[in-house]
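Taking it in order: structure first as structure tokens, then the write-up.
Residue numbers (the working numbering), protein chains in the order written: chain A, 24 to 136; chain B, 28 to 145.
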């Protein structure tokens, strides 16, 4: 069964600190993996997208990694800011055409001052 | 970049009434749009896929007569919740596939609609 699991479910960190969110997936055949940021009451916004051959992708203070062998991905946030408080969702495309998206439940990050 | 505008952002309606949610692609043509439903602290659940000019494809368990989807143009898709009931209260999000190259594409999401049925 195609699944995407994220951990931790929620996380609280102090402003300025770094954090890493995890995503494990059992999706086959794998097409690509995306990380989205979803603010409360808003739609998801794309942070990164990685294909099978990519190991890392950065977007400002966000750096995503992908290990296609172990089917694991991480999202590292550097020097967190209050505005980083949101839900971070890992999404995996499940077919070669990439038409089916499998969503994780997300990690809720709270950055406090 | 590609923007999808979703309206309304929130709506309250009485049980038994119908509510229409609109999603417009502002600066690109969206041949394919997706409609999702999201409950608190849950992941997005795909309800249906709509292709311009054809009937929508609904996911298993989604009532097509209750959730009417129309994708009559390349820039507009609508979701109508008919005879709404309190259990239909949820966060509805649309998404459009955006082609960035001959074989590359991404997904742009609308800002979501919070539906509350009282």
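Where a beta carbon is used, it is the ideal one built from N, C-alpha and C, also for glycine.
CB of residue i within 7 Å of CB of residue j, strictly
| i | j | result |
| --- | --- | --- |
| residue 123/B | residue 40/B | no |
| residue 96/B | residue 106/B | yes |
| residue 30/B | residue 108/B | no |
| residue 28/A | residue 105/A | no |
| residue 116/B | residue 142/B | yes |
| residue 33/B | residue 118/B | no |
| residue 89/B | residue 113/B | no |
| residue 60/A | residue 103/A | no |
Simplified DSSP state of residue i, which is helix, strand or coil
| i | result |
| --- | --- |
| residue 101/B | coil |
| residue 36/B | coil |
| residue 89/A | strand |
| residue 49/B | strand |
| residue 98/A | strand |
| residue 28/A | strand |
| residue 143/A | Given a span of 24 to 136 for chain A in the structure shown, any question on residue 143/A remains unanswerable. |
| residue 138/B | coil |
| residue 71/B | coil |
| residue 116/A | strand |
| residue 121/A | Here the model assigns residue 121/A a pLDDT of 48, short of 50, so the residue's position is not dependable and the matter cannot be decided. |
| residue 106/A | helix |
| residue 127/A | coil |
Selected residue, minimal CA-CA separation from residue i, among the options
| i | options | result |
| --- | --- | --- |
| residue 67/B | 135/A, 130/A and 134/A | 130/A |
| residue 149/B | 36/B, 69/B and 49/B | Residue 149/B lies beyond the stretch modelled for chain B, which goes from 28 to 145, so this question has no answer here. |
| residue 51/A | 116/A, 128/A, 136/A and 111/A | 116/A |
| residue 48/A | 133/A, 113/A, 134/A and 123/A | 113/A |
| residue 24/A | 132/A, 109/A and 125/A | 125/A |
| residue 102/B | 80/B, 92/B and 91/B | 80/B |
| residue 56/A | 70/A, 40/A and 74/A | 74/A |
| residue 36/B | 140/B, 51/B and 144/B | 140/B |
| residue 131/B | 127/A, 54/A, 40/A and 85/A | 54/A |
| residue 84/A | 36/A, 108/A, 26/A and 101/A | 101/A |
| residue 109/A | 132/A, 127/A, 69/A and 71/A | 132/A |
Along the segment 55–86 of chain A, where does the CB come closer than 9 Å to a CB of chain B? Name the residues. Of all residues in the segment 55–86 of chain A, 57, 59, 61, 64, 65, 66, 67, 68, 69 and 72 have a Cβ within less than 9 Å of some Cβ in chain B.
Do the segment 92–105 of chain A and the segment 38–45 of chain A meet, that is, are 3 or more Cβ pairs less than 8 Å apart? The segment 92–105 of chain A is in contact with the segment 38–45 of chain A.
The segment 68–88 of chain B: which residues have C-beta closer than 9 Å to a C-beta of chain A, in chain order? Residues passing the 9 Å Cβ filter: 68, 69, 70, 71, 72, 73 and 76.
I want to know whether the segment 70–82 of chain A touches the segment 28–36 of chain A - three or more CB-CB distances under 8 Å. Segments in contact, no.
Within the chosen definition, does the segment 59–70 of chain A reach the segment 127–141 of chain B through at least 3 CB pairs nearer than 8 Å? Segments in contact, yes.
Taking a Cβ distance cut-off of 7 Å, strictly less, list which residues of the segment 26–39 of chain A are near chain B, in chain order. Closer than 7 Å at the C-beta level to chain B, one finds no residue of the segment 26–39 of chain A.
Which residues, in order along the segment 34–50 of chain B, keep a beta-carbon less than 9 Å from a beta-carbon of chain A? Listed in chain order, the positions of the segment 34–50 of chain B with a beta carbon within less than 9 Å of a beta carbon of chain A are 36 and 37.
Using a Cβ cut-off of 7 Å, which residues of the segment 91–102 of chain A contact any Cβ in chain B, in chain order? For the segment 91–102 of chain A, which is checked against every Cβ of chain B, not one residue is closer than 7 Å.
Going along the segment 134–145 of chain B in order, which residues come within less than 8 Å of chain A, judged by CB to CB distance? Residues passing the 8 Å Cβ filter: 134, 135, 136, 137, 138, 139 and 141.
In the segment 88–120 of chain B, which residues sit with their C-beta less than 9 Å from some C-beta in chain A, listed in chain order? Within the segment 88–120 of chain B, those residues whose Cβ lies closer than 9 Å to any Cβ of chain A are, in chain order, 118 and 120.
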